[in-house]
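Asks:
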Amino acid sequence: MTRVPFVDLRGQFTALEDDITRAIDEVLRSTAFVMGEAVGQFEVEFARFCGARFGIGVANGTDALLLTLKAFGVGPGDEVITPANTFVATVEAIVHAGATPVLVDVDPDTYTLATEQMRNLLTPRVKAIIPVHLYGHPAEMDPLLEMARAHGCVVIEDASQAHGAEYRGRRVGSLADAACFSFYPSKNLGAYGDGGAIITNREDIAERTRELRNHGSHRRDEHHTVGYNSRLDTVQAAVLRVKLPHLVEWNRKRQQHARRYAAHLQGIPGLTLPITRPGCSHAFHLYVVRVEDGSRDALREDLRARGVDARVHYPTPVHLTPAFRYLGYGPGAFPVSERNAGQVLSLPIYPELSEEQVAFVASAVAGAVRSAAGVRERGA
Ligand SMILES: *Cc1c(COP(=O)(O)O)cnc(C)c1O
Numbered sequence: 001m002t003r004v005p006f007v008d009l010r011g012q013f014t015a016l017e018d019d020i021t022r023a024i025d026e027v028l029r030s031t032a033f034v035m036g037e038a039v040g041q042f043e044v045e046f047a048r049f050c051g052a053r054f055g056i057g058v059a060n061g062t063d064a065l066l067l068t069l070k071a072f073g074v075g076p077g078d079e080v081i082t083p084a085n086t087f088v089a090t091v092e093a094i095v096h097a098g099a100t101p102v103l104v105d106v107d108p109d110t111y112t113l114a115t116e117q118m119r120n121l122l123t124p125r126v127k128a129i130i131p132v133h134l135y136g137h138p139a140e141m142d143p144l145l146e147m148a149r150a151h152g153c154v155v156i157e158d159a160s161q162a163h164g165a166e167y168r169g170r171r172v173g174s175l176a177d178a179a180c181f182s183f184y185p186s187k188n189l190g191a192y193g194d195g196g197a198i199i200t201n202r203e204d205i206a207e208r209t210r211e212l213r214n215h216g217s218h219r220r221d222e223h224h225t226v227g228y229n230s231r232l233d234t235v236q237a238a239v240l241r242v243k244l245p246h247l248v249e250w251n252r253k254r255q256q257h258a259r260r261y262a263a264h265l266q267g268i269p270g271l272t273l274p275i276t277r278p279g280c281s282h283a284f285h286l287y288v289v290r291v292e293d294g295s296r297d298a299l300r301e302d303l304r305a306r307g308v309d310a311r312v313h314y315p316t317p318v319h320l321t322p323a324f325r326y327l328g329y330g331p332g333a334f335p336v337s338e339r340n341a342g343q344v345l346s347l348p349i350y351p352e353l354s355e356e357q358v359a360f361v362a363s364a365v366a367g368a369v370r371s372a373a374g375v376r377e378r379g380a
């Protein structure tokens, strides 16, 4: 029986095995395991890829956000606006910086931050806004940046799901004051372990985050500030350097799979497909459909029985997650985020999927939706 896993990292490794093992071998022989040559090289290459001046490698995407907030001086007493519909890491970073997360609902169609709803939240305490390019679709940056400029706060992109996505002809990472990326293995650009990066055009922020990631130090035995140990491993930088030149092609394949899914799934009643706003290029980190009739969980189980592993991103919006209930938002606070939690379903999407696998997943979805509708009719 055909099985389509949700992610499959083996295909990519096999295709690049020789280059990867050579790159890792070089690091092993150099013994420069921490802050070796590949780190600086990757930082330059990835910043250039994003169309920005500076890249700072860090231990993971969550630290990228935390160190960036600290570099902008965000701390206790400050507020940071971010969407309720994101991976918890975005909000964790705000809390660890000592600031208070102020959550906003998301756009009903792109699921990214609902910019207009920020307007009456922009109190003098708000020091930063973190839009999330969720699932790989860029947030609506222009109106958001305009509002932030008028208010005098900084904007930090959470681009952890959107490596290579574009907004009005520019790649994410170069759209705001700074941007944060994760290289968790299953991201569009993934390491073979944890990794992250900060991208910015601001020299002061580049300098400050470089210091923060390395025990508050530029030079051995000089510690200007209380820092962290959050460096990008040399081995991971070496892996990322091998992979980066393939990212554009990989994203192109994800987009091709998305078009094929759309062609197969268009018109199935009760199923809403992802959209791409004009002027945006979607990186399709995830291909997220919505099942509107309440049968999402049953559909997911049925798909599993048919050999297709689908997942849910995310089953609980941040404000209803136990760790963040203390923020004081109750059920009903963010209707679109809450609707999505009950309806979203992520279908397998990665560059190495074959056309046959995409067709197989699509026909499994169509079959599962039909059988769910049949069950409802018989029950009625
Ligand atoms: C993956 C992810 C992060 C965190 O990245 P880690 O490298 O796992 O710390 C942050 N924000 C979003 C939206 C993510 O998807």
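In our numbering, the protein residues as written are 1 to 380.
Quick reminder that beta carbons are idealized off the backbone N, C-alpha and C, glycines included.
Remember, predicted model here, so these are calculated numbers, not experimental data.
Run the proximity test for Y314: is its beta-carbon closer than 7 Å to any non-hydrogen atom belonging to ligand 1?
Replies: no
Asks: Could you compute how far the alpha carbon of A382 sits from the alpha carbon of S337?
Replies: For the chain, the structure presents residues 1 to 380; residue 382 sits outside this window and is missing.
Asks: Cβ atoms of E92 and T62: under 8 Å apart, would you say?
Replies: Cβ atoms of T62 and E92: closer than 8 Å.
Asks: Pick helix, strand or coil for T272, following the three-state DSSP scheme.
Replies: strand
Asks: Kindly say whether L67, judged by its beta-carbon, lies nearer than 8 Å to any beta-carbon of chain D.
Replies: Although the question refers to chain D, the structure presented lacks it and comprises just one protein chain.
Asks: Near G55, what residues of its chain come up, given a Cβ to Cβ distance below 7 Å and the 5 sequence neighbours on each side ignored?
Replies: Excluding residues within five positions, the ones whose Cβ falls inside 7 Å are E43, V44, F46, A47, A197, I199.
Asks: For G342, name the three-state secondary structure that DSSP assigns.
Replies: G342: helix per DSSP, three-state reduction.
Asks: Can we say the region 318-336 touches the region 99-107, given the rule of at least three CB pairs closer than 8 Å?
Replies: yes
Asks: With respect to the alpha helix (DSSP H) encompassing L145, which residues constitute its N-terminal and C-terminal limits?
Replies: 141-151
Asks: Hey, could you find the ends of the beta strand (DSSP E) L189 is sitting in?
Replies: Where L189 is concerned, there is no enclosing beta strand (DSSP E), given that its DSSP letter is neither H nor E.
Asks: What is the DSSP secondary structure of L347, counted as helix, strand or coil?
Replies: Strand at L347.
Asks: Am I right that E292 and T272 are in contact with their C-beta atoms under 8 Å? What's the rounded C-beta distance?
Replies: Rounded to the nearest angstrom, the Cβ distance from E292 to T272 is 6 Å, consistent with a contact under 8 Å.
Asks: Would H163 pass as a contact of K187 if the rule is Cβ separation under 8 Å?
Replies: yes
Asks: Going by DSSP, what residues sit across from P101 in a beta bridge?
Replies: DSSP lists V80 as the beta-bridge partner residues of P101.
Asks: Given this structure, state the Cα-to-Cα distance separating A298 from R376, to the nearest angstrom.
Replies: 12 Å
Asks: Would you give the residue range spanned by the beta strand (DSSP E) that R290 belongs to?
Replies: 287-291
Asks: Would you report the Cα separation of V235 and G40, rounded to the nearest angstrom?
Replies: 12 Å
Asks: From E222 to C180, what does the alpha carbon distance come to, in whole angstroms?
Replies: 27 Å
Asks: Comparing the CB of V104 with every heavy atom of ligand 1, is any distance shorter than 7 Å?
Replies: V104: no, Cβ never under 7 Å from ligand 1.
Asks: Among V308, G367, G330, R370, whose alpha-carbon lies nearest the alpha-carbon of D8?
Replies: V308
Asks: Quick check: the Cα distance between S354 and D302, rounded to an integer number of angstroms?
Replies: 22 Å
Asks: Given a cut-off of 8 Å, decide if N214 and R53 are closer than it, judged by their beta-carbon atoms.
Replies: no
Asks: Which of the three DSSP states is assigned to S174 in this structure?
Replies: coil
Asks: Might you give, ordered along the chain, the residues of its own chain that have their beta carbon closer than 6 Å to the beta carbon of G195, omitting 5 neighbours on each side?
Replies: F183, L232, Q236
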